[in-house]
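Novice: The structure's right below; bear with me while I get my questions together.
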Amino acid sequence: MLNSTDQSDNVFDWPVTLALQALPDKIAMRSFPDKPMKGKKMNELLPSAALAHFVMKVNDVDASYAFYQGLGLRALDKFPGMAIIELRGGTQLLLTEKDVPETQSLHISRVGQRPDFAAEKIDLMIAGHSRSELETYRTGLIAKGYSAQEIAQETLFGHHYFSLQDPDGNGISFYTSHCSQQPV
5 MLNSTDQSDN VFDWPVTLAL QALPDKIAMR SFPDKPMKGK KMNELLPSAA LAHFVMKVND
65 VDASYAFYQG LGLRALDKFP GMAIIELRGG TQLLLTEKDV PETQSLHISR VGQRPDFAAE
125 KIDLMIAGHS RSELETYRTG LIAKGYSAQE IAQETLFGHH YFSLQDPDGN GISFYTSHCS
185 QQPV
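Have a look at this one:
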């Protein structure tokens, strides 16, 4: 995990990669009614890899940092020209300011964002599976001043969703969960 006191020359040279994590077996087990997990090791239950970083180029790091934090994502740290937001599961959204020299090595990435810096789309999912849970989340965002569209009448592959835009005009869609019944 990076922090603002890290003096490494390579801080901004890491590629967008998958994080492989070996988790201790002593982590508390969760149970789902149809999939008891007691006695299983955590590394048998979790997928072996997770998306580590998603780079998103923005015009104003402070505005984007506040925006994504307001969506309920975890604010982790800020650096010159970059801020880190954490999503459920540990994926880090790296908000990098477009014209800051310290973040230029991250801008070569084409994963998750078109090179023309157009209205990129990112899909996020809430923990809930139902339309009512999605509506509760959406209503909470509207109460905070976000301009969320209506939940679509149709589903997309069985999932309810709505959209909004971030301060840079990037489209964000929020879906009901499509996770399996096992921990992720």
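The letter at position 139 of the sequence shown is residue 143 when you use my numbering, and the numbering goes up by one with no holes. Note that the Cβ used here is the ideal one computed from N, Cα and C, for glycine as well.
(1) Select from 183, 136, 83 and 71 the residue whose C-alpha is nearest the C-alpha of residue 157.
(2) Is residue 95 near residue 54, with beta carbons less than 8 Å apart?
(3) When you compare the CB positions of residue 131 and residue 142, do they come within less than 8 Å of one another, or not?
(4) Quick check on residue 73: does DSSP put it in helix, strand or coil?
(5) For my contact list, residue 129 and residue 57 are in at a C-beta cut-off of 8 Å; report their separation, rounded to the angstrom.
(6) Helix, strand or coil for residue 175 per DSSP?
(7) Should residue 161 go down as buried or exposed, given a rule of 16 or more other Cβ atoms within 10 Å for buried?
(8) So, for residue 146: in the same chain, excluding its five sequence neighbours on each side, which residues have a beta-carbon less than 8 Å away from its beta-carbon?
(9) Looking at the unbroken alpha helix (DSSP H) that takes in residue 139, where does it start and where does it end?
Specialist: According to the structure data:
(1) Comparing Cα-Cα distances from residue 157 to each of 183, 136, 83 and 71, the minimum goes to 136.
(2) Going by C-beta atoms, residue 95 is nearer than 8 Å to residue 54.
(3) Going by C-beta atoms, residue 131 is not nearer than 8 Å to residue 142.
(4) Residue 73 carries a helical assignment under DSSP once its states are collapsed to helix, strand and coil.
(5) With 8 Å as the limit, residue 129 and residue 57 do not qualify as a contact, their Cβ atoms being about 18 Å apart.
(6) Strand at residue 175.
(7) With fewer than 16 other Cβ atoms inside 10 Å of its own Cβ, residue 161 counts as exposed.
(8) The beta carbon of residue 146 is closer than 8 Å to those of 152 in its chain, skipping five residues each way along the sequence.
(9) Per DSSP, residue 139 is one residue of the alpha helix (DSSP H) stretching across 135 to 147.
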